[in-house]
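Letter by letter, the sequence shown follows residues 0 to 623 in numbering that gives the first Met the number 0. What follows is a single structure, written as structure tokens, with notes after it.
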Amino acid sequence: MFHRGALVSFLLYSTVTIKPKLPYFANSGAIHINELKAVFYSIAMFDDIVAEGYSLAQRDWRLTALVASLVPFALTYTITSLLAFLAANNKGDSRSPPIAPYAVPFFGNLFAFLFDNERFVRNALGRYARDIPVQFRLANRKLTLISGTSNVLAMFRSSRYLDANEIIIIAVDNAFGGASVGRECYALDNTGSRKEPLPGSRPLKMSDRIWYLQHKTTHANLVGPPLVEIAERFVKCLGEELDRAIPPSQTDWVDVPDFYGLIQSTMFAASTNAIYGPHLIRLNPDLNKDFWEYDHHIPSLFKLVPRLFAPKAYAVRDRLVASVKKWHAHAAEHVDVKDPALEGVAWEEYYGSKMMRDRVVDYIGVANMTDDLRACLDVGLIWAANANIVPTVGWCLIDILTRPTLATTARAEIATLCPGEINMQPLLASPILQSIYAEELRLRNAIFIQRTPIIDTFKMGPWKFPKGDLIIVSSWQEARNRETWNQRGRDGEEHDVEEFWAERFLVYKDDPLSGPRLVDAAKVKKGGEEVDKVADGEASPPKFAPEKVAGQFIPYGGSENICPGRFYAKQEAMAGMALFLAKFEIELQIEPGRVLEPNKAQFGFGVMGPKGAIKARMRRRKVE
């Protein structure tokens, strides 16, 4: 039997397909006579099918059996269609969301969701108005998909009444290997990540509240001076990795069989050395290779595929856990994390960043904590630190390099902001580089943000959500909401939400229609806004404005559970783009007719890297 929450995780991260039905519900939340006719038409069709089936069945007993077997499915679909119609048009102030109609009793939408959750979710959103939640029945569990700016922001604002740890527990259990090495110390903690425990949660000592401790420590060490220390070390380490890959003395072109593979190996090494110090990789020379093999197998681990059918996935996970455990033991031999002399020390070579020492201190006081579980939790941290930002930087570079004009613009921006060494502050403030980074997070990221009500009367607007039922938001679908996102460029050219557009997040003061959010041109004052000019008469520079699409641009999640590493990730992205483009001339060698696309096998787990290897030629740029 599947663990109840693990089954939901299995469903949320699966991929294959089913055709949409009930087009008569599309984009409507009000009763219309044509929709009502459609429902009754489906009932009449069912009646006709039964009558015809009965006629055929009288001729052959086998047809009798076939008709009898199909009746429950047809009846179930007809009934759920009618119930969906009635729920979608209910005008009460405390209503249940309409269900997505289904034909299979008990299993409900399970198989449709299981086979291709991306298409199923897209079709479900197309049945009703965007702000109407849709409920799915997945065997013995229900979950509700919400969409639209107001609903998503309402969910984030209601975090006091929502638990976000269910999927984290599933991840630790299965993807990181914690299920058999002391899970009681984290699975029983339902107090949440705030300092004040969630209402109705277990009465745990502060030292046993592992989710709060992790949240506090991670947030404290990825802002301010600790963040600056890690980011500066990352820049230094990445520069060294790139110099090793293609030395400054190498002036000729070098063939690179897998450009994204080069990005993966160099960025993983740089980030790992910056956060954990040099000894984790030194003690485990295959760590880089093992990590990316592990990332490849992450879907199997989340989906609870048995070890018998995914031996490589479990083997590489176990190797990573053993590698981290070895590093833990080595660091403990050289450093006492409670040594007062280490107070205020931002980085030392054995544990690396202060964050890693603080995690050790936190875990010392947690009841039932084991060395094996500590290693599992740090494998999770390593995965979180690399699995999203590395493919994001990969896409940033690929989309820049495949657009000559954008490549020229990006190189010029980097050269202007960093005429010598890499300087993070001006890079972080660059509108165009920030927009490129945000656009990749919008376009390539696919996560399901999940919350579970912990009170009996949780509501968002007129909609009620039962305690314990999952509420989900699809970052992929919100990023493609044509009712929200601007698709018009300053030159009048269209930029579809399914396409990369480097300037999507830029607002120009002389263009009231610019920016990421769709603006109704009819509502803009005739003549537009006053053009803002600078001293030389040129229009003022654009502003990076992701806040315009709050509730639709959600690559980090939201509320207090928002990704704590988002500031470090942004610094990695800016440094990664700057170092690759400043150090090298790069020519991607893409086969004629090939369309670069994300690897959908990773759909649901964050930013998807490019599918297949990309060949390139690289050589060092001449320093003028």
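For each residue, glycine too, the CB sits at the ideal point set by N, CA and C.
Residue i bridges to which residues according to DSSP?
i	result
methionine 154	Paired residues: none, contrary to the question.
glutamate 493	Arg487
valine 255	Ala615
aspartate 162	Thr451
tyrosine 507	Asp510
phenylalanine 543	Leu505
proline 403	DSSP output for proline 403 lists no bridge partner at all.
arginine 516	Trp484
proline 609	Pro597
aspartate 585	Residue identity check: residue 585 is isoleucine in the sequence provided, not aspartate. Looking at the DSSP assignment, isoleucine 585 forms a beta bridge with Met617.
Quick one: give me the first and last residue of the beta strand (DSSP E) that residue i is part of.
i	result
arginine 618	614-619
phenylalanine 457	457-459
arginine 450	444-452
glycine 605	604-606
phenylalanine 112	Segment 109-114 is the alpha helix (DSSP H) holding phenylalanine 112; no beta strand (DSSP E) there.
glutamate 462	Note that residue 462 corresponds to tryptophan in the displayed sequence, not to glutamate. Here the beta strand (DSSP E) through tryptophan 462 covers 462-464.
Assign residue i to buried or exposed, taking buried as 16 or more other Cβ atoms, counted over all protein chains shown, within 10 Å of its Cβ.
i	result
proline 540	exposed
glutamate 571	buried
glycine 393	buried
aspartate 92	exposed
proline 305	exposed
glutamate 528	The predicted model places glutamate 528 with a pLDDT of 46, which falls under 50 and marks its position as unreliable; any figure quoted below should be read in that light. The residue is exposed, with fewer than 16 neighbouring Cβ atoms inside 10 Å.
tryptophan 475	buried
lysine 621	exposed
asparagine 625	No information on residue 625 is available, as it lies outside the stretch 0 to 623 that the chain covers here.
glycine 177	buried
leucine 505	buried
phenylalanine 105	exposed
isoleucine 363	exposed
leucine 21	Confidence in leucine 21 is poor, its pLDDT being 37 and thus under 50, which makes the residue's placement too unreliable to answer from.
alanine 520	exposed
proline 418	exposed
phenylalanine 72	exposed
glutamine 424	exposed
threonine 483	buried
asparagine 220	buried
leucine 85	exposed
Of the residues the options, which one's Cα is nearest the Cα of residue i?
i	options	result
phenylalanine 290	Lys325, Trp326, Ser264	Ser264
lysine 325	Pro284, Asp357, Val253, Asp294	Pro284
alanine 153	Gly460, Tyr567, Gly181	Gly460
valine 606	Asn422, Glu590, Leu505, Ala437	Ala437
alanine 386	Gly550, Gly611, Ile78, His296	His296
isoleucine 274	Leu380, Lys288, Thr451, Ala374	Leu380
isoleucine 471	Ile421, Phe543, Gly557	Gly557
glutamate 632	Asp510, Val255, Glu348, Gln601	The requested residue 632 is not part of the displayed model; the chain covers only 0 to 623.
threonine 148	Ile167, Lys204, Ala128	Ala128
proline 609	Val359, Leu442, Pro202	Leu442
arginine 553	Pro511, Asn189, Met576, Phe447	Position check: residue 553 holds isoleucine in this sequence, whereas arginine was assumed. Ranking the options by Cα distance to isoleucine 553, first place goes to Phe447.
leucine 241	Lys614, Ala577, Ile169, Glu482	Ala577
arginine 243	Val359, Arg201, Ala268	Ala268
alanine 230	Gly603, Gly564, Met617	Gly564
glycine 107	Arg140, Leu81, Gly351	Arg140
proline 198	His494, Ile453, Tyr313, Arg618	Ile453
alanine 568	Leu226, Ser95, Ala102, Gly125	Leu226
arginine 618	Asp251, Pro224, Arg94	Asp251
leucine 400	Leu303, Ser248, Asp338, Ile435	Ile435
arginine 318	Asp371, Arg481, Leu580, Thr391	Asp371
phenylalanine 674	Ala123, Asp207, Phe258	This structure cannot speak to residue 674, because the chain is shown only from 0 to 623.
glutamate 584	Phe110, Val389, Lys466, Gln249	Gln249
glutamate 497	Leu440, Arg593, Asp510, Gly343	Leu440
glycine 191	Ala163, Glu332, Ile131, Ile397	Ala163
alanine 501	Ser322, Arg487, Pro511	Arg487
Need the endpoints of the alpha helix (DSSP H) that residue i sits in, please.
i	result
tryptophan 394	388-400
glutamine 263	258-275
glutamate 231	223-244
glutamine 476	474-477
valine 315	310-333
phenylalanine 566	565-582
valine 359	353-363
asparagine 385	370-385
tyrosine 555	From DSSP, tyrosine 555 is part of no alpha helix (DSSP H); its letter is neither H nor E.
asparagine 287	286-301
threonine 216	209-220
glutamine 424	423-428
Between residue i and the ligand GDP, is there a pair consisting of the residue's CB and a ligand heavy atom that are separated by less than 7 Å?
i	result
isoleucine 363	As far as ligands go, the structure on display features none, and thus does not contain the ligand GDP.
In chain order, each alpha helix (DSSP H) run of at least 4 residues that lies wholly inside the segment 116-144:
116-126
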